[in-house]
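Student: Quick mapping for you: the protein sequence lines, in order, are chains F and S.
Here the first sequence stands for residues 1 to 210, numbered as in the working numbering.
Here the second sequence stands for residues 211 to 420, numbered as in the working numbering.
2 protein chains.
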Amino acid sequence: MKLIGMLDSPYVRRTAITFDLLGISFEHHAISVFSTFEQFQQINPVVKAPSLICDEGTVLMDSSLIIEYAEAVSGRSLKSTQLHPLQKELQITGLALAACEKTAQYVYEKSLRPTEKQFQPWLDRVQGQLIAAMTQLEHLIAGLHDPVEQIERNQSLLTSAVTWQFIYSMLPDILIAADYPALTTLSTNAEQLPVFKKYPPVGPGVQTQA
Amino acid sequence: MKLIGMLDSPYVRRTAITFDLLGISFEHHAISVFSTFEQFQQINPVVKAPSLICDEGTVLMDSSLIIEYAEAVSGRSLKSTQLHPLQKELQITGLALAACEKTAQYVYEKSLRPTEKQFQPWLDRVQGQLIAAMTQLEHLIAGLHDPVEQIERNQSLLTSAVTWQFIYSMLPDILIAADYPALTTLSTNAEQLPVFKKYPPVGPGVQTQA
């Protein structure tokens, strides 16, 4: 299988780390939906990262759906099978994914269009949603017992760690690390793990190529 | 449990229909992330639809994650347990969700900002991605044996039906029904089903309230 997309996307990175932790063999192809749009388009005309090319050629999209497929392939999962812990994990993952989405919307507004086409009420709306998501995420992570120990066995924690690294690197002026001590600790420890180092968050970003 | 969000969102609608088909008891609260932003914010500060308020108050976001929770609650699923059909279902669902996302981006650009803040290269990019997703989705649905018979047992088909209704109602000038006969047939039949009629796609849309 081939996983297509740049690791500076938190969606691509969480997928790559999950595949590795589930013991799934795959090739990673670092192709950008921005700087190499046409190359990406040849693989997946919808140009969405991550894209997974399965062994017989089927292309899957959407990190949550690709992870669902990876769970089926490996017969394993990084989610709880019991309802109550699963509920909390899905709550955390939902907040992390919402924060990633709002960050992407913010960065797209600032990077992909000229200044005169940027719309401040949209930036304000998105930033408010982002802070709301990160505030709740911090609160939930802070309330967990020893989350650092569980990163490699828990989808919601590895996604949270990837999310913090992404957002803090993209928007250091908007997020103040001191306000998010639990996420900072989680992320700092995660980035020391071999599986996080193996898939470093590098890429060309979203600067328009016009 | 309470499901929060307007049914003119395909994400909310596919979640409501799935809950019903899985036999999960829930209340639906039609609150908009646009026209009733502040009311929504009191329930979920991130203001994302659908939001699910679980019985003890935990709030979940993201239709795919909420559906995953619903599967755990009910002990049932509208997805295949076997790998090969699951792969195809996830491919179809991924295309449908990508098409919904691109439609939302297009509509947001046109409806939520003044004309002088709209950026044509973004609209062009998004429209191209939308057409690519819908073209592939049509091809896959057309290749299935009797998909209409399976709508209520198959997450990827109910999501495709909801997607077509949404996109065709939002962007009738961009999508020509004659180009999508399999999706049109699937949607037309789906909308006759009691469970689709029970959750009609009505709402205030995304017109800015400024």
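Built from N, CA and C at the ideal position, the CB exists for glycine as well.
1. Expressed to the nearest angstrom, what Euclidean distance is found between the alpha-carbon atoms of residue 381 (chain S) and residue 348 (chain S)?
2. Leaving out the 5 sequence neighbours to the left and right, which residues in its chain are closer than 7 Å to residue 209 (chain F) when beta-carbon positions are compared?
3. Counting only runs that start and end within the segment 278-337 of chain S, where is the beta strand (DSSP E) found for 3 or more residues in a row?
4. Go through its chain and collect everything with a Cβ distance to residue 294 (chain S)'s Cβ below 7 Å, but skip five positions before and after it.
5. Report yes or no: do three or more beta-carbon pairs, one from the segment 48-59 of chain F and one from the segment 109-125 of chain F, lie closer than 8 Å?
6. On the three-state DSSP scale, how would you describe residue 56 (chain F)?
7. Name the chain F residues whose beta carbon is nearer than 7 Å to that of residue 259 (chain S)?
8. With which residues is residue 271 (chain S) paired in a DSSP beta bridge?
9. Take the Cβ of residue 400 (chain S) as the centre, count every other Cβ of all protein chains shown within 10 Å, and call the residue buried at 16 or more, exposed below.
10. With burial defined as no fewer than 16 other Cβ atoms inside 10 Å of the residue's Cβ, what is the status of residue 27 (chain F): buried or exposed?
11. Can you give the Cα-Cα distance for residue 385 (chain S) and residue 351 (chain S), rounded to whole angstroms?
12. Please name the residue or residues paired with residue 27 (chain F) in a DSSP beta bridge.
13. Kindly provide the ranges of any alpha helix (DSSP H) runs that are 4 or more residues long and lie completely inside the segment 336-419 of chain S, ordered along the chain.
14. Measuring CB to CB, does residue 308 (chain S) end up less than 7 Å from residue 102 (chain F)?
15. Which residues mark the beginning and the end of the alpha helix (DSSP H) in which residue 45 (chain F) is found?
16. Of the residues S:317, S:231 and S:346, which one's Cα is nearest the Cα of residue 408 (chain S)?
17. Using the Cβ count rule (16 or more neighbours within 10 Å means buried), how would you classify residue 87 (chain F)?
18. Excluding the five sequence neighbours on either side, which residues of its own chain have a C-beta within less than 7 Å of the C-beta of residue 290 (chain S), listed in chain order?
19. If you draw a straight line from the C-alpha of residue 153 (chain F) to the C-alpha of residue 329 (chain S), how long is it?
20. Do residue 372 (chain S) and residue 220 (chain S) count as a contact pair if the criterion is CB distance below 7 Å?
21. Can you tell me whether DSSP reads residue 232 (chain S) as helix, strand or coil?
22. How big is the Cα-Cα spacing for residue 404 (chain S) and residue 410 (chain S)?
Tutor: On the basis of the coordinates in this document:
1. 16 Å
2. Only weak support is given to the placement of residue 209 (chain F): the predicted model assigns it a pLDDT of 46, under 50, and the value that follows is read from those uncertain coordinates. Once the five neighbours on either side are set aside, the close Cβ partners of residue 209 (chain F) are 34 and 35.
3. none
4. none
5. no
6. coil
7. Within 7 Å Cβ-Cβ: nothing; residue 259 (chain S) doesn't reach chain F, min ~11 Å.
8. S:261
9. buried
10. exposed
11. 17 Å
12. F:2
13. 365-380, 391-400 and 404-408
14. no
15. Segment: none, residue 45 (chain F) is in no alpha helix (DSSP H) and carries neither H nor E.
16. S:231
17. buried
18. 296 and 299
19. 43 Å
20. yes
21. coil
22. 10 Å
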